[in-house]
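Undergrad:
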Amino acid sequence: VEAEFIHHDIFTWEPDDRRFDLIVLAYVHFPEPMRTAAHALAVRCLSPGGKVFVVAHHRDNLTEGVGGPPMAEVLFTEDELRGDFSDLDIGLLERVLRPVDLEDGTTAHAIDVVLMASSG
35 VEAEFIHHDI
45 FTWEPDDRRF
55 DLIVLAYVHF
65 PEPMRTAAHA
75 LAVRCLSPGG
85 KVFVVAHHRD
95 NLTEGVGGPP
105 MAEVLFTEDE
115 LRGDFSDLDI
125 GLLERVLRPV
135 DLEDGTTAHA
145 IDVVLMASSG
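Take any residue in the sequence shown, note its place counting from 1, add 34, and you have its number in my numbering.
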């Protein structure tokens with residue numbers, strides 16, 4: 035397995051004709067329209083049969099979970115991700131609870147949304 039890790043500003047980077055078999059967006063939180071631009075770039079850069087994996091804080095985390103950004107406009111819902119990745123085959127899209135160990139020794143839950151989608 036070969037892995038290429040790219041670290042660029044996604045709003046200035048041009049992939050040209052490069053395509054990738056796997057794109058991971060882990061806790062990448064942008065407000066609209068930056069969110070849809072980032073997700074559109076991911077879709078555009080997928081190779082045929084490639085996969086996009088997204089894990090991010092769900093909007094419900096703001097009121098029901100712990101941690102994460104305190105601004106609703108950068109948190110995701112299933113419907114937003116379904117729309118952003120509608121050109122792909124969505125194999126998994128769900129809201130999940132993630133245990134978080136707190137400083138006082140107790141455990142609470144963050145609420146995330148997970149998506150796995152593939153190109154035709």
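Quick reminder that beta carbons are idealized off the backbone N, C-alpha and C, glycines included.
Can you check whether the CB of A90 is closer than 9 Å to the CB of I124?
TA: Against the sequence shown, residue 124 aligns to sequence position 90. Against the sequence shown, residue 90 aligns to sequence position 56. The beta carbons of I124 and A90 sit no closer together than 9 Å.
Undergrad: Can you name, in chain order, every residue of its own chain whose Cβ lies under 8 Å from the Cβ of A106, other than the five neighbours on each side?
TA: Taking the sequence shown and counting its residues from 1, the one referred to as residue 106 is at position 72. R93 and L96, listed in sequence order.
Undergrad: Which one or two residues does DSSP pair with M150 in a beta bridge?
TA: Translated into positions along the sequence shown, residue 150 becomes position 116. Paired residue(s): F87 and L126.
Undergrad: With DSSP as the reference, label H143 as helix, strand or coil.
TA: Here residue 143 refers to the residue found at position 109 when the sequence shown is read from its first residue. Residue state, collapsed to three classes: strand.
Undergrad: Just curious, the beta strand (DSSP E) that A60 is in, first and last residue?
TA: Here the question's residue 60 lines up with position 26 in the sequence shown. Looking at the DSSP string, the run of the beta strand (DSSP E) that includes A60 is F54 to A60.
Undergrad: Around the C-beta of I57, are 16 or more other C-beta atoms found within 10 angstroms, so that it is buried, or is it exposed?
TA: Here residue 57 corresponds to residue number 23 of the sequence shown, with the count starting at 1. Burial call: buried.
Undergrad: Out of curiosity, what's the CA-to-CA distance linking S153 and D121?
TA: Along the sequence shown, read from residue 1 onward, the residue named residue 153 stands at position 119. Along the sequence shown, read from residue 1 onward, the residue named residue 121 stands at position 87. The alpha-carbon atoms of S153 and D121 are separated by roughly 8 Å.
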